[in-house]
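Below is one structure, written out as structure tokens; comments come after it.
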Amino acid sequence: MDYSSRNKIINGLSYLSILFLPVIFPLIVWIIGGRQADIRHHAIRAFWTQLIPAILGIGLVIVGAFYGFVTSDVQSTSWLLIGMFAIFCLISVILFLYNIVKAIQVFIA
């Protein structure tokens with residue numbers, strides 16, 4: 003297996019890791035393959051696109067809890083959480099599809 007094929011596989015797996023080890027696999031690849039610019043670029047991009055939904059999910063819980071405690075209004079808190087959850091789901095699906103598309107592009111290139 004030549005150098006280029008090995009890099010393609012590692013780069014593609016960084017994106018596909020959203021299916022089996024999200025965030026952890028790209029972080030490991032980023033740390034281990036940090037000297038090679040191509041591997042580092044794809045690992046960093048995969049890492050952040052897989053970490054963003056986790057950060058947004060934590061933010062959703064914090065904002066919802068804070069809003070609920072401050073207002074003590076169940077109905078408005080529920081509607082806020084439903085709206086935020088819909089946006090969270092949309093962003094998560096878009097980033098999931100982005101990772102799959104980028105993996106296919108890396109494997110084809």
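Positions in the sequence shown are counted from 1; adding 2 to them yields our numbering. Note that CB positions come from ideal geometry on N, CA and C, so glycine has one too. All figures in this text were calculated on a predicted structure; none of them were measured in a lab.
- Across the structure, R37 and G59 are spaced so that their CA atoms are roughly 32 angstroms apart.
- Around the beta carbon of S6, a 10 Å sphere encloses fewer than 16 other beta carbons of the protein chains shown; the residue is thus reported as exposed.
- At the C-beta level, V108 and G14 come within 7 angstroms of one another.
- Here I54 has I93 and L97 as same chain residues with Cβ atoms under 8 angstroms from its own Cβ, once five neighbours each way along the sequence are excluded.
- Cβ-Cβ distances below 7 angstroms link R42 to W32, G35 and G36 in the same chain, with the five nearest sequence neighbours on each side left out; the list follows chain order.
- The beta carbon of T51 is closer than 7 angstroms to those of L97, Y100 and N101 in its chain, skipping five residues each way along the sequence.
- Boundaries of the alpha helix (DSSP H) harbouring D40: A39 to T73, taken from the DSSP string.
- When secondary structure is reduced to three states using DSSP, S6 falls in the helix class.
- Taking a C-beta distance under 7 angstroms as the contact criterion, P24 and A45 do not qualify as a contact pair.
- The beta carbon of T73 sits closer than 7 angstroms to the beta carbons of T79 from its chain, once the five residues preceding and following it are set aside; these are given in chain order.
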